[in-house]
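One gets my numbering by counting positions in the sequence shown from 1 and adding 731 to each.
Shown next, in structure tokens, is the structure this report addresses.
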Amino acid sequence: MIRVAVVRDEGYFGVPVRVLLEAKPDLHYVGTLPFGNDLAQRAAELWPTVIVIDTEYMVSQVLPIAAELHATIPSCAMLLLCDPAKRGMLPPRRWAGGLNFLLKDVSGAVLADSIRRLAAGERVVSPLLQAASLNTDRGLSTRELEVLGLAAEGESVSDIAGRLYLSGGTVRNYLSAVITKTGARNRLDAIRIARKDGWLH
């Protein structure tokens with residue numbers, strides 16, 4: 732039996748993942764958790780085989796949470812449902828963590844098959860998302876977007892450094908690079924520009 736947990740934004744209604752999963756006898760839905768900073772600890776109590784992340788947050792904002800999930804439950808695979816129309820929801824070009832990517836409007840059959848493949852140790856990345864990612868001009872690196880995403884959530888430099896296992900100086904360097912690349916006046920302006928351009932939620 733494959734244990735599946737769903738992670739969703741509070742108040743967000745997208746793909747009815749739970750309904751799609753409950754129709755499959757070999758997939759056992761173990762619960763839905765809200766997307767947030769304490770997700771790893773709460774997910775660990777459910778011990779899922781696969782976590783399906785259905786969120787409106789951008790990939791750069793999901794990566795720190797995914798890293799914490801991977802560190803807390805190393806055996807658990809993670810599947811992020813993405814909207815290819817939003818540039819910030821495309822897979823990063825380089826990331827070694829356990830995150831996999833599928834379209835938000837995927838059918839129940841494809842979702843179930845992908846979960847089974849993940850449980851068997853395979854990687855899953857939608858070819859459409861992969862192609863869109865390769866064809867998108869990213870002004871900022873994945874790591875820069877990750878740092879900016881945490882800053883947008885109100886995290887301090889020291890908090891960001893702790894969550895991403897970086898030094899405070901490195902975090903400041905990333906933020907300075909983001910401000911320069913976006914032509915922003917300061918960090919808040921860079922966050923505004925990244926949101927307007929579809930890289931942050």
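All C-beta atoms, glycine included, are put in the ideal place defined by N, C-alpha and C.
Check for me: the alpha helix (DSSP H) holding residue i runs from which residue to which?
| i | result |
| --- | --- |
| H801 | 790–803 |
| A851 | From DSSP, A851 is part of no alpha helix (DSSP H); its letter is neither H nor E. |
| N904 | 899–913 |
| A958 | There is no way to answer for residue 958, as the model of the chain reaches only from 732 to 932. |
| D836 | Run containing D836: none; DSSP gives neither H nor E here. |
| V888 | 888–895 |
| A925 | 918–927 |
Taking residue i as part of the beta strand (DSSP E), name the residues at either end of that continuous run.
| i | result |
| --- | --- |
| T763 | 758–765 |
| V737 | 733–739 |
| A808 | 808–813 |
| D785 | 781–785 |
Please classify residue i: is it buried, with 16 or more other beta-carbons within 10 angstroms of its beta-carbon, or exposed?
| i | result |
| --- | --- |
| V737 | buried |
| M820 | buried |
| Q792 | buried |
| W778 | exposed |
| E776 | exposed |
| G885 | exposed |
| L906 | buried |
Please identify the residue among the options whose C-alpha is closest to the C-alpha of residue i.
| i | options | result |
| --- | --- | --- |
| E741 | Y788, W778, L777, A754 | Y788 |
| D836 | D890, G870, L751 | L751 |
| I796 | L895, S857, C813, W930 | L895 |
| V856 | P823, A840, A882 | P823 |
| T873 | G899, V888, A908 | A908 |
| N768 | A798, P747, L833 | A798 |
| R848 | D890, L833, P747 | L833 |
| A840 | L800, G852, E753 | E753 |
| S806 | G852, K817, V790 | G852 |
| S838 | D928, G870, R749, G929 | R749 |
| L876 | I804, P747, R918 | R918 |
| L830 | V783, K912, G870, G929 | V783 |
Leaving out the 5 sequence neighbours to the left and right, which residues in its chain are closer than 6 Å to residue i when beta-carbon positions are compared?
| i | result |
| --- | --- |
| A915 | A921, I924 |
| K755 | A843 |
| A883 | I922, L931 |
| T786 | D740, F766 |
Beta-carbon within less than 8 Å of residue i's beta-carbon, same chain only, minus the 5 sequence neighbours each way: which residues are those?
| i | result |
| --- | --- |
| A850 | I733, T780, V781, A808 |
| I891 | V878, L881, A882, L897, V902 |
| C813 | V790, M820, L821, P822, F832, L833, L834, K835, S857, L860 |
Pop quiz: residue i and residue j are said to be a contact at Cβ under 8 Å. What is the actual Cβ separation, rounded to whole angstroms?
| i | j | result |
| --- | --- | --- |
| L758 | L764 | Not a contact, Cβ separation roughly 17 Å. |
| L800 | A816 | Rounded, the Cβ-Cβ distance is 26 Å, inconsistent with contact. |
Within a Cβ cutoff of 7 Å, which residues of the same chain sit near residue i, ignoring the five residues on either side of it in sequence?
| i | result |
| --- | --- |
| V761 | R734, V735, A736, L777, P779 |
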